[in-house]
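The structure appears right after this line, and notes come after that.
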Amino acid sequence: MNVLKIIPGKNIFALKTSVQVLLAILSPILLYFIFPPRNLYFLAWVAFTPLLLVIIQVQFRMALLITSVNGFLFYYFFYLWLNRFHPWSIYFITPFFGLLYFTLPLMIIRYLYLKDKLKTIFIAPAIWVVAEYIKSSGNLALPSGDLAISQINQTALIQFADITGQSGVSYIVFLANMAFAFFIDSILLEKQKWAATHSRLVLSLTTLFVTILLYGFFKIQTAKWGKSISVGIVQTAHYPNEKWSEKYRWFLDEYEQSVQQLAPLNPKLIVFPETALNIFYNFEGEQNTERAEEAVSKISALAKNYQIPIVIGGFEFSREYDTMRRYNSIFLFKPDGSLRSKYRKRKLVAFGESPAFNQLLPWLQEKINRDLHTIMFQTGDTSNIFTILNDDETISFGNLICFESSNGDLAREYIKNGASFLLNESSDLWSNSLDVMVQNASFSVYRAIENRVPVARSSNGGPSFYVDATGRVRQALPLGQAGVIPVQMQFLQNNFSLYKIWGDWFVYACFAVSLAGIFNLIKNKN
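Read in order, the letters of the sequence shown are residues 7 to 532 in the working numbering.
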């Protein structure tokens with residue numbers, strides 16, 4: 007049986023097999039180029055269109071094969087960095103992610119489109135949003151590849167994320183792809199005459215996109231800035247293994263030089279990256295090594311000597327019920343040199359920090375731990391807002407460690423609990439991947455817009471920058487270079503945000519739309 011044959015009664019002007027093959031290959035290529043650091047963002051609006059055109063014309067088995075191959079390629083290039091942890095990881099996670107978050111939603115979309123084209127144009131993006139949301143949740147959360155990330159440099163376009171959250175941007179990008187596929191399919195392939203239905207659709211979509219852009223320009227142009235705070239951002243450039251070597255004293259001296267550079271500018275806070283202190287420290291003083299005590303004493307002395315609070319990442323351990331527990335933490339040294347505040351990372355990186363396969367494939371997790379001598383961490387359980395003085399005013403902020411910045415709900419929790427700005431401390435150089443470094447940083451833009459607060463990012467390897475409450479990156483350090491940047495973070499006088507009040511309501515709406523659309527079309531079929 008020829009599985010490439012035209013579906014009976016579907017489309018007598020279907021594309022030739024050779025053209026179908028070319029289109030099927032084109033989509034993963036376009037998708038690769040839409041994300042940072044390549045940044046061909048305009049391709050995102052049509053990247054899925056070739057693939058959609060193919061899968062609605064071929065039979066089920068071939069559509070399944072094509073989407074499966076595309077899904078594997080899509081996630082393979084995103085998760086090549088997993089080889090840094092274990093070469094097996096990528097060959098388990100890529101097919102899993104490809105089938106669950108790429109093939110499955112596209113096959114559902116194909117089924118719905120063959121039943122009702124017009125309704126599916128608006129239901130399909132909701133299905134895609136749901137898939138992205140699930141992919142970014144749970145122990146296996148690996149958020150790379152969200153469509154919204156392709157648009158981070160289109161500042162006016164993404165301002166409406168303060169209403170819908172980041173997911174709203176993914177929705178409109180996929181919506182454009184569905185609309186292009188529909189018009190090509192109906193007008194060019196099926197040779198339908200232009201009808202009132204087409205005109206209404208064009209008018210609706212044009213109105214939607216123009217409204218989004220006008221809203222964006224309005225939010226940027228009418229932004230009124232109020233108080234500000236001076237923050238010093240430090241970027242380091244250390245490979246992780248180096249920090250465990252005897253060179254750690256060199257790094258402490260380097261940190262001292264960074265503070266000396268920033269101190270004359272009178273910052274109210276100096277921020278260092280995640281795990282800048284490669285030590286395991288116990289707050290109760292139990293079994294702290296000489297190295298740990300030396301590192302903490304060094305940073306404590308810097309904070310006290312210059313009378314500047316310092317935020318810096320390190321590791322922490324504690325004994326709870328005779329069990330050793332380890333945490334990836336952020337420490338706050340007060341101007342008096344005391345170390346009193348800490349935040350324990352709540353969203354751990356699969357494979358690198360958390361035992362991702364413990365539940366499903368314990369034998370594989372055991373092999374990974376044995377081969378890499380991996381140290382597994384426990385998750386923190388509280389948001390732990392930090393406070394500092396800005397002149398005579400107490401000001402609060404929250405910390406997002408590494409790819410915690412991909413979680414809008416974590417950031418929103420800080421702001422609802424009184425934080426005025428956010429920090430994102432990261433150690434991106436461990437990934438040895440430019441894609442990971444740049445895309446991981448991109449989430450900070452959405453966290454700023456969603457909550458209408460500034461975000462300062464300090465990274466090992468970069469990017470390190472300050473992004474204002476409208477999502478514009480104001481200052482940044484070059485990738486891979488150690489350095490410091492003093493920034494004056496400004497606050498909006500009116501930082502109202504619907505997302506801050508309602509959270510991920512748009513995602514839940516997409517869940518409802520997806521379920522209602524699927525149920526309705528299945529019911530009609532029966």
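The beta-carbon is built from N, C-alpha and C at its ideal position, and this holds for glycine as well.
Do you know whose CA, among the options, lies nearest residue i's CA?
i, options, result
"Q65", "L86, L37, L120", "L120"
"S185", "A154, R206, F39, Y221", "The sequence given here places Ala at residue 185; Ser does not occur at that position. Among A154, R206, F39, Y221, the Cα nearest to that of A185 is on R206."
"A417", "S437, N396, T388, W436", "T388"
"K340", "L354, F215, P315, K506", "P315"
"Y452", "N423, S470, G414", "G414"
"A462", "L163, A243, V442, V490", "V490"
"S347", "P246, K310, T393", "T393"
"F383", "N396, F323, V442, N423", "F323"
"C408", "L395, M443, L112", "M443"
"N466", "D441, G343, S432", "S432"
"S173", "F188, A182, I155", "I155"
"P270", "N500, P492, L37, N501", "P492"
"K310", "F289, Q293, V265", "V265"
"L395", "R458, Y261, N272, Q293", "N272"
"M330", "Q313, D342, Q293, A298", "Q293"
"A425", "Y312, D342, N405, R255", "N405"
"D342", "E326, R325, Y312", "Y312"
"D441", "N45, L28, I193", "N45"
Which residues in the same chain have their Cβ closer than 6 Å to the Cβ of residue i, if we skip the five residues on either side of it in sequence?
i, result
"Y177", "P131, V135"
"Y82", "T100"
"Y139", "V513"
"R350", "Y333, S335, G386"
"L521", "none"
"N390", "Y349"
"C516", "A132, V135, V136"
"E410", "K353, L416"
"L211", "A185"
Have a look at the DSSP bridge pairing and note the partners of residue i.
i, result
"W231", "L498"
"M330", "R325"
"I129", "DSSP lists no partner for I129."
"G319", "I336"
"Y287", "E322"
"A53", "None, per the DSSP bridge assignment."
"S402", "T393"
"R350", "S335"
"N466", "T242"
"Y97", "Bridge partners of Y97: none, in fact."
"F427", "F403"
"L345", "F339"
Would you call the CB atoms of residue i and residue j closer than 8 Å?
i, j, result
"G77", "G104", "yes"
"G320", "Y287", "yes"
"F180", "G222", "no"
"D474", "A447", "no"
"F403", "L428", "yes"
"L146", "A356", "yes"
"L504", "I169", "yes"
"K506", "I421", "yes"
"I40", "A30", "no"
"I114", "I524", "yes"
"F80", "P34", "yes"
"L533", "Y85", "Absent from the model: residue 533. The displayed extent of the chain is 7 to 532, so no value can be given."
"S150", "Q445", "yes"
"Q496", "S234", "yes"
"R116", "A182", "no"
"L71", "A53", "no"
"L124", "T203", "yes"
"I127", "F215", "no"
"R458", "N501", "yes"
"G171", "E359", "no"
"L88", "I96", "yes"
Report yes or no: is there a C-beta of chain C within less than 8 Å of the C-beta of residue i?
i, result
"A518", "This model lacks chain C altogether, as it is built from one protein chain only."
Looking only at its own chain, which residues have a Cβ that is under 8 Å from the Cβ of residue i, when we skip the five neighbours before and after it?
i, result
"I190", "T55, L59"
"P484", "G468"
"A229", "A475, T476, L498"
"V479", "V451, F471, Y472, V473"
"M7", "Annotation note: pLDDT 36 at M7 (below 50); position unreliable, no value reported."
"L283", "A301, V302, I305, I318, G319, G320, F321, F337"
Near residue i, which residues of its chain fall below 7 Å by C-beta distance, leaving aside the five closest residues on each side in sequence?
i, result
"Y514", "none"
"A518", "none"
"T400", "T393"
"G509", "D415, R418"
"L345", "V302, S306, F337, F339"
"V61", "Checking the sequence shown, residue 61 turns out to be Ile, not Val. Once the five neighbours on either side are set aside, the close Cβ partners of I61 are A69, I72, T73, L112, R116."
Considering only heavy atoms of the ligand GDP, does any lie closer than 7 Å to the CB of residue i?
i, result
"K348", "Judged by which ligands are present, the structure shown has none, so any question about the ligand GDP falls away."
The segment 153-163 in contact with the segment 424-442 per 3-pair CB rule at 8 Å: no
Stretch pair the segment 267-277 + the segment 229-243: three plus CB contacts closer than 8 Å: Yes, the segment 267-277 is in contact with the segment 229-243.
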